[in-house]
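Below is one structure, written out as structure tokens; comments come after it.
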Amino acid sequence: MRAILLGGGLALVLSLLGTRVAISVLSAKGYGQEIRDDGPTSHHTKRGTPTMGGIVIIFASVLGYLVAKLVTWTPPSASAWLLLFLFVGLGMVGFLDDFIKIYKQRSLGLRSKAKMVGQTLIALTFGVLALSPWLESPTNGRTPASTNVSFLRDIEWLALPAILAVLLIWLIIAGTSNGVNLTDGLDGLAAGAATMVFGAYTLVNIWQFNQICPPGSSVGYCYEVRDPLDLAIVAAAITGACFGFLWWNASPARIFMGDTGSLALGGALAGLAILTRTELLLVVLGGLFLLETLSVMLQVGFFKVSGGKRIFRMAPLHHHFEMLGWEQVTVVIRFWIITGIFVAAGMGIFYAEWVANL
């Protein structure tokens, strides 16, 4: 527990102070955000706001975790290394996207195919390693991930062949990282929502650690997770980093996280769902990200089928409410409330299932 508090607290302080430094450095170098011409006109005033603030979130999270492990004198686990690999790897894909936007002074960075190739390489590498017998725990014999589809734990009758399990992992990572990326369109929206969901996963991991199955058995209603306590430290560190960044990202934002931050955060959420064996629970906890993604899919699909008609005034969903005349702050706060409802529902389901099976 001490490592969890230390990792989260240190990441918060590093993010809070580091983001202020990043604003000065990025502003001095002219690394400002380019705004889509087809977006809401009210966003044009944001042109030139420093971007790539996700670098600070990644740095604060990783350093917070490593210092917590150093102070408590415990080695990092395979699950934590894998999660950090996914977190930093997708952050690097996002960084390339942001840098191209800045360098070429345009709102389009990496082409969609190039971005998907980068996400796929990182996701597939993560999936293969997470299922590899090379990373079986020497104490409980569990691999970081499972070939079973999971909700609150592995679903026994939904075991997949290894290749299909890797493809499912890729789908979860690609979908979640892009979902957070789509949500990052208003000041503080993605950072605030992510803080709540990562906070929920911190609690999930703590609970799993307290109710972990004994090595080599599944006595009682316990959780077969490889390294829940270490995952809790990483989740707490990312929670703290997002919270610190939100101080400067809240309206009016003085810095944006960019694709560097949104892709990294989405990947970390997907990684936590996979490594905690709660893949389908992420649909509930991250319900806001799912709604934002579905709004884009429905808009594009209906536009093509109907010959140019639209369901929403603009997608993703938060822009629709902007176009209806809602103030940006109003949209953000109400979407935070929606996230809170999803998180409360997800945590309620998680705990109720355990209580019901005592």
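One rule links them: number in the numbering used here = place in the sequence shown (from 1) + 16.
Quick reminder that beta carbons are idealized off the backbone N, C-alpha and C, glycines included.
* Going by beta carbon distance, what residues of the same chain come within less than 8 angstroms of A190, once the five residues before and after it are set aside? -> Within the same chain, A190 has close Cβ partners M132, Q135, T136, A139.
* How long is the line joining the alpha carbons of G195 and N221, rounded to whole angstroms? -> Their Cα atoms are separated by approximately 23 angstroms.
* How big is the Cα-Cα spacing for I20 and L30? -> Our two residues, I20 and L30, have alpha carbons roughly 15 angstroms apart in a direct line.
* Tell me whether the beta-carbon of L147 lies closer than 9 angstroms to the beta-carbon of T155. => For the 9 angstroms CB-CB criterion, L147 and T155 do not form a contact.
* How many whole angstroms separate the CB atoms of A107 and A252, which I take to be in contact at a CB cut-off of 8 angstroms? -> The question names Ala, yet the displayed sequence has Gly at residue 107. About 18 angstroms; that fails the 8 angstroms criterion.
* To do: Less than 8 angstroms between the CB atoms is what I'm expecting for A181 and T163, so what's the real figure, rounded?
  => In this structure, A181 and T163 form a Cβ contact; the two beta carbons are roughly 4 angstroms apart against a cut-off of 8 angstroms.
* Start-to-end residues for the beta strand (DSSP E) that takes in D246 -> Not the beta strand (DSSP E): D246 falls in the alpha helix (DSSP H), residues 244 to 265.
* Same chain, Cβ closer than 7 angstroms to L174, neighbours up to 5 away in sequence not counted -> Here the set comprises N164, V165.
* **Delimiting residues of the beta strand (DSSP E) encompassing W173** => It spans 170 to 175 - the beta strand (DSSP E) in which W173 sits, taken as one unbroken run.
* **Y47, DSSP secondary structure in three states** => Three-state DSSP puts Y47 in coil, outside helix and strand.
* Are at least three pairs of beta-carbons, each pair with one atom in the segment 306 to 314 and one in the segment 95 to 115, less than 8 angstroms apart? -> Not touching, per the Cβ criterion.
* Under 9 angstroms between C-beta atoms of D113 and T276 -> Yes, Cβ-Cβ distance for D113 and T276 is below 9 angstroms.
* Whose C-alpha, out of D203, Y239, S93, V37, is nearest the C-alpha of R293? -> Measuring from the Cα of R293, the nearest candidate turns out to be Y239.
* Using three-state DSSP, classify S40 as helix, strand or coil. => If DSSP states are grouped into helix, strand and coil, S40 belongs with the helices.
* Residues near W342 by beta carbon distance below 6 angstroms, same chain, minus five either side -> Same-chain partners within the cutoff: there are none.
* To do: Look at the Cβ atom of L98, then the Cβ atom of L298, and state whether they are nearer than 9 angstroms.
  => No.
* Asked: By Cβ distance, which residues of its chain are closer than 6 angstroms to A360, with the 5 residues on each side in sequence left out?
  -> Nothing listed; no residue qualifies.
* To do: Please list, in chain order, all residues of the same chain as F261 whose beta carbon is under 6 angstroms from its beta carbon, the five residues on each side excluded.
  => Only S31, T35, I73, A207 meet the Cβ criterion.
* How is P66 classed by DSSP in three states: helix, strand or coil? -> If DSSP states are grouped into helix, strand and coil, P66 belongs with the strands.
* Asked: Taking DSSP as the reference, what is the three-state secondary structure of I357?
  -> Three-state DSSP puts I357 in a helix.
* What do you get for P91, buried or exposed, if any count of 16 or more other CB atoms within 10 angstroms of its CB means buried? -> P91 is classed as exposed because its beta carbon has fewer than 16 other beta carbons within 10 Å across all chains shown.
* Extent of the continuous beta strand (DSSP E) run through V241 -> From DSSP, V241 is part of no beta strand (DSSP E); its letter is neither H nor E.
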